[in-house]
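In the working numbering, the protein residues as written are 830 to 1397. Yeah, the Cβ is synthetic: ideal placement off N, Cα and C, and Gly gets one too. Some notes on the structure that comes next.
Okay, here's the thing in structure tokens:
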């Protein structure tokens, strides 16, 4: 039975609690016992266009419940779309707060059009009061819920007789209720040879007709630039219980810049040029002075930005690059913008790293190191923090190869060849960071085998470090170090070593079924590779593994960290 069918059969609070996987008493406490003041924290944030926006953020208990309601209603909506073929085309109209939808999918239909008309709905979330939310779930043909269940859903979702912007379930409810308006406006758009999409309270119409249809918009002055919502469009919007914000109504022409949900759509999708220019300026200021400004407040005072905000801006710019149509323009875009992004990521993750950072050759090495340090925590206080009665925390950061964006842009995608390229790239970038000092050591951990030849030759010939294979560590420059696996491990003197040599033979000989571990990373009927060894053996059996063979390697890492602390 689907979630929608269960919801339609529900009659009592206990029924709804079961669907949401709550105890009835716990659900009743959140809804009825807590006061409004306990449920929500109210604050204001500045709007881009000036003024303040009221945000009501639910407490953790209520937020978790609202997330459950969001998941439930998203599942119901999916069932409704799946079961009704007519709804499947209607589902392509709204793009805000939906899986696999974004400002990109919202802007794409309006690309390369003669006219683009934008309409903003006034007090969008405030338009959905308690009675409207409750009434929708009772009367809508797809739901037709029991009135008591509709009442409880409205009580969970609403605050101060409206849907609060800080609630996790507000977006899905607005999309459900606004669906009928989307269908009507899409029908009006089709009749007038326009395209229509909606992203939350932002409605967009576009067309290639020589004269923009008066049903959608009309010009109210002789200059030809003061456009207002047309009679038929205004009538449909009002009929659906909304009001137009006249201050944000505008018609954009093809001979000037057209944008939809912040993206330029004249010829192809793009980020606004001033947005990219300002972002590059922020990166330059951050990496040369240590801080930057993200904007100004209502008093005209500059507001300091943080790295998370800047990374978000860079990520947004980078995310648009796959939607460039020309291969030449894509290459140019990546050369300019990814260089800026790489510059920032190197500064943030490796130069201003709060914790000593270790970059291994791949994901499995991270697993080995993490569990070795945890197992030997008493011997290495530099690497791990232990407190009585508390969970131990690493005092180092292991570079996360699962972060595909950072790895791709910085050139760290795994393997020793990429580490060699990274050394060259890192040294070029950090020349531009001075006089800012690096915060913590950056250690490249490399297997001491033939694969390291290129790095060893570089250290020997360029840096005059002839003993890199036998030295505990090599200081390349600034906070950058290279540590190779020791040539003496577990009482054996070897001519080359890999990190797996730190394990005792008893660990490496553990079988999974009839399969044995192969350090060559094969995976067939007789052998399993490094990934399975890391997950099924090291991680799952860490409590019984002897990690003492890692001590020489961990000592080298500690020595490199302490060396940087002594010279910085």
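Roughly how many whole angstroms lie between the Cα atoms of residue i and residue j?
{"i": "residue 837", "j": "residue 913", "result": "17 Å"}
{"i": "residue 1119", "j": "residue 1344", "result": "53 Å"}
{"i": "residue 983", "j": "residue 895", "result": "11 Å"}
{"i": "residue 834", "j": "residue 890", "result": "26 Å"}
{"i": "residue 1163", "j": "residue 854", "result": "With a pLDDT of 45 at residue 1163, under the threshold of 50, the modelled position of this residue cannot be trusted, and the question is left open."}
{"i": "residue 1260", "j": "residue 1172", "result": "11 Å"}
{"i": "residue 1292", "j": "residue 1272", "result": "17 Å"}
{"i": "residue 1115", "j": "residue 1074", "result": "38 Å"}
{"i": "residue 1357", "j": "residue 1366", "result": "11 Å"}
{"i": "residue 1095", "j": "residue 1086", "result": "7 Å"}
{"i": "residue 991", "j": "residue 1234", "result": "39 Å"}
{"i": "residue 1243", "j": "residue 1311", "result": "16 Å"}
{"i": "residue 1000", "j": "residue 860", "result": "20 Å"}
{"i": "residue 785", "j": "residue 1241", "result": "Past the edges of the chain, shown from 830 to 1397, lies residue 785, and the structure says nothing about it."}
{"i": "residue 1083", "j": "residue 1065", "result": "27 Å"}
{"i": "residue 1067", "j": "residue 845", "result": "34 Å"}
{"i": "residue 1204", "j": "residue 1371", "result": "8 Å"}
{"i": "residue 1346", "j": "residue 1336", "result": "10 Å"}
Which residues in the same chain as residue i place their Cβ atom closer than 8 Å to its Cβ, once the five residues preceding and following it in sequence are excluded?
{"i": "residue 1245", "result": "1190, 1275, 1276, 1280, 1281, 1283 and 1284"}
{"i": "residue 1018", "result": "1024, 1025, 1034 and 1045"}
{"i": "residue 1006", "result": "957, 961, 962 and 965"}
Alpha carbons only, please: which of the options is nearest the one belonging to residue i?
{"i": "residue 1187", "options": "964, 1383, 930 and 1004", "result": "1383"}
{"i": "residue 1072", "options": "1197, 1125, 964 and 957", "result": "957"}
{"i": "residue 1266", "options": "1182, 1303 and 1347", "result": "1182"}
{"i": "residue 1028", "options": "1326, 1086 and 953", "result": "953"}
{"i": "residue 851", "options": "1201, 893 and 870", "result": "893"}
{"i": "residue 1340", "options": "1318, 1325 and 1363", "result": "1363"}
{"i": "residue 1076", "options": "1056, 1082 and 1065", "result": "1056"}
{"i": "residue 1113", "options": "1170, 1066 and 1098", "result": "1170"}
{"i": "residue 825", "options": "844, 832, 868 and 938", "result": "Because residue 825 is not part of the residues shown, which for the chain are 830 to 1397, the question remains open."}
{"i": "residue 1212", "options": "1039, 1270 and 1107", "result": "1270"}
{"i": "residue 945", "options": "1228, 1240 and 1039", "result": "1039"}
{"i": "residue 985", "options": "928, 1042 and 849", "result": "849"}
{"i": "residue 789", "options": "1147, 1148, 1129 and 1177", "result": "Since the first residue of the chain shown is 830 and the last is 1397, residue 789 is not available in this structure."}
{"i": "residue 1264", "options": "1231, 1278, 1008 and 1307", "result": "1307"}
{"i": "residue 1141", "options": "1225, 1104 and 1126", "result": "1104"}
{"i": "residue 1379", "options": "1198, 1226, 1337 and 1135", "result": "1198"}
{"i": "residue 1224", "options": "1061, 866, 1037 and 1210", "result": "1210"}
Kindly list the residues whose CB is nearer than 7 Å to the CB of residue i, restricted to its own chain and excluding five residues on each side of it in sequence; keep chain order.
{"i": "residue 1354", "result": "none"}
{"i": "residue 1090", "result": "932, 935, 936, 1028 and 1031"}
{"i": "residue 842", "result": "853, 856, 857 and 981"}
{"i": "residue 1305", "result": "1252, 1292 and 1311"}
{"i": "residue 1299", "result": "1316"}
For a test of the three-state rule: what should DSSP assign to residue i, helix, strand or coil?
{"i": "residue 1226", "result": "strand"}
{"i": "residue 1027", "result": "strand"}
{"i": "residue 1303", "result": "strand"}
{"i": "residue 1131", "result": "strand"}
{"i": "residue 1086", "result": "coil"}
{"i": "residue 1356", "result": "strand"}
{"i": "residue 831", "result": "coil"}
{"i": "residue 1277", "result": "strand"}
{"i": "residue 1348", "result": "coil"}
{"i": "residue 920", "result": "coil"}
{"i": "residue 997", "result": "coil"}
{"i": "residue 1119", "result": "coil"}
{"i": "residue 1034", "result": "strand"}
{"i": "residue 1322", "result": "strand"}
{"i": "residue 1046", "result": "strand"}
{"i": "residue 781", "result": "There is no way to answer for residue 781, as the model of the chain reaches only from 830 to 1397."}
{"i": "residue 1213", "result": "strand"}
{"i": "residue 1374", "result": "coil"}
{"i": "residue 1003", "result": "helix"}
{"i": "residue 1059", "result": "coil"}
{"i": "residue 971", "result": "coil"}
{"i": "residue 883", "result": "strand"}
{"i": "residue 1187", "result": "strand"}
{"i": "residue 908", "result": "helix"}
Does the beta-carbon of residue i have 16 or more other beta-carbons within 10 angstroms, so that it is buried, or is it exposed?
{"i": "residue 872", "result": "exposed"}
{"i": "residue 1111", "result": "buried"}
{"i": "residue 1303", "result": "buried"}
{"i": "residue 1320", "result": "exposed"}
{"i": "residue 1349", "result": "exposed"}
{"i": "residue 1351", "result": "exposed"}
{"i": "residue 874", "result": "exposed"}
Here's a check: name, in chain order, each residue in its chain whose Cβ is nearer than 6 Å to the Cβ of residue i, leaving out the five neighbours to either side.
{"i": "residue 1015", "result": "922 and 1025"}
{"i": "residue 975", "result": "840"}
{"i": "residue 1381", "result": "1315"}
Are the C-beta atoms of residue i and some chain B residue less than 8 Å apart?
{"i": "residue 832", "result": "Judged by its chain identifiers, the structure shown contains no chain B, having just a single protein chain."}
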